[in-house]
Amino acid sequence: MARRESGTRETNGEHIRLSGVGLSYFTPREETEALRDVELSIGKGEFISIVGPSGCGKSTLLSLVSGMLKPTKGKVSIDGAEVTGPSAKVGYMLQHDHLFEWRDVLGNVTVGAEIRRMEKAAAKRRGAELLERYGLGDFIRHAPVQLSGGMRQRVALIRTLVAEPDILLLDEPFSALDYQTRLTLSEEVFHIIKDQGKTAVLVTHDLSEAISMADRVMVMSKRPSTISAVHNIVFDEGEGLSPWSKRQAAKYHDYFNAIWKELDDHAVSAL
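So the sequence shown is numbered by UniProt numbering: it starts at 1 and just counts up by one.
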């Protein structure tokens, strides 16, 4: 399937590359081809969204970038070096916050740093600074049960940032939240990621979320999946727009309709 690309956008130096990546699952009876000939280059500081039919392998792509899975064919590279296993350069934010209820907020945001054996005092200082900077300074000693769903996800993001990754992988991190909280949190997470200068890859079923948060939207095909189209998200109103402002921009609905038509089936929520 030929890949279509719309619009143009300048990017910084290459941070992540997938070259001819394929992935198959094997059982004693059969081989199931999940991904085929995936080509993808992501620049430093770029925010990418990936959309596609359910089961097409969007989360699998994140697992390949993180080093938790190895491709059957091709190569995944970060900063020019092949990914052979999990890396401290990569942080993962999941759909559920997975906070430890027996730890307070500060104790939760230092978990990743502890696992990576970072210096404890430094991790606590950075955790406290980030919590204060992003509106959670008054909740450092609170238990997770005392937080709203949106606050818990902010804590989960800060936990990932404390470990100082260069790359953030976000696997449908807002899908368990109500619509209003989802809108608010996507705005907050977008600004935090841009403020921290991270490279981000978001997997989502929500086209509105994908378009409003990303610099580029990748559309995946049905299995065996590949990247069938790429949309560079550029608005006439200028750069630096917030996700909410992008939803109000003149070209927003053009992007939404174009991507919607490209999906092989309508398994994406039209919010």
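For every residue, glycine included, the Cβ atom is placed at its ideal position computed from N, Cα and C.
These numbers come from a predicted model, not from an experiment.
Asked, Found
"Whole-number beta carbon distance between F190 and M218, since they are thought to touch under 8 Å", "The Cβ separation is near 18 Å, so there is no contact."
"Where the beta strand (DSSP E) through K73 begins and ends", "73-78"
"Segment contact flag, the stretch 97-105 with the stretch 148-167, C-beta cutoff 8 Å, min 3 pairs", "yes"
"Neighbourhood of S66 by C-beta distance below 7 Å, restricted to the same chain and skipping five residues each side", "P86, V90, Y92, L169"
"Close Cβ partners of L177 (< 8 Å) along its chain, the five nearest in sequence each way excluded", "G149, G150, Q153, L185"
"Start-to-end residues for the beta strand (DSSP E) that takes in D195", "That residue, D195, is in no beta strand (DSSP E); its alpha helix (DSSP H) goes 179-196."
"Residue range of the unbroken beta strand (DSSP E) whose run includes L169", "167-171"
"Cβ-based burial, P28 [other Cβ within 10 Å; buried from 16]", "exposed"
"Three-way DSSP call (helix, strand, coil) for M68 in this model", "coil"
"Continuous alpha helix (DSSP H) assignments of at least 4 residues falling wholly in the stretch 89-174", "105-109, 111-115, 120-133, 149-162"
"Where A270 falls: helix, strand or coil (DSSP)", "Confidence at A270 is low in this model, with a pLDDT of 46, below 50, so the placement of that residue is unreliable and no value is reported for it."
"Residue span of the beta strand (DSSP E) that contains A34, given as start and end", "31-43"
"Own chain partners of Q248 with C-beta closer than 7 Å, once the 5 adjacent residues on each side are dropped", "none"
"Nearest-angstrom beta carbon gap, T204 and S49 [assumed within contact, 8 Å]", "6 Å"
"Cβ neighbours of R159 in the same chain (closer than 7 Å, five flanking residues each side left out)", "N108, V109, V111, G112"
"At least 3 beta-carbon pairs within less than 8 Å: the stretch 227-237 vs the stretch 248-259", "yes"
"L23: first and last residue of the uninterrupted beta strand (DSSP E) it sits in", "14-26"
"Contact check, K58 vs S19, beta carbons under 7 Å", "no"
"Residue from S208, G45, G55 whose Cα sits closest to the Cα of A34", "G55"
"Contact set for L271: own chain, Cβ-Cβ below 8 Å, skip 5 residues either direction", "Only weak support exists for where L271 lies, its pLDDT of 45 falling under 50; the coordinates are left without a value."
"Check whether P144 and E101 have beta carbons under 7 Å apart", "yes"
"Local Cβ density within 10 Å of H15, reported as buried at 16 or more and exposed below that", "buried"
"E14: CB within 6 Å of a non-hydrogen atom of the ligand SAM", "The ligand SAM is not part of this structure, which contains no ligands at all."
"Which of helix, strand or coil DSSP assigns to I233", "coil"
"Delimiting residues of the alpha helix (DSSP H) encompassing A210", "207-213"
"Enclosing beta strand (DSSP E) for L200 [first to last residue]", "Here the sequence assigns Ala to residue 200, which means Leu is not the residue at that position. Unbroken beta strand (DSSP E) run through A200: 199-203."
"Beta carbon of E46 nearer than 7 Å to that of D215", "yes"
"Spatial neighbours of V83 in its chain, beta-carbon cut-off 6 Å, leaving aside the 5 residues before and after", "G67, V76"
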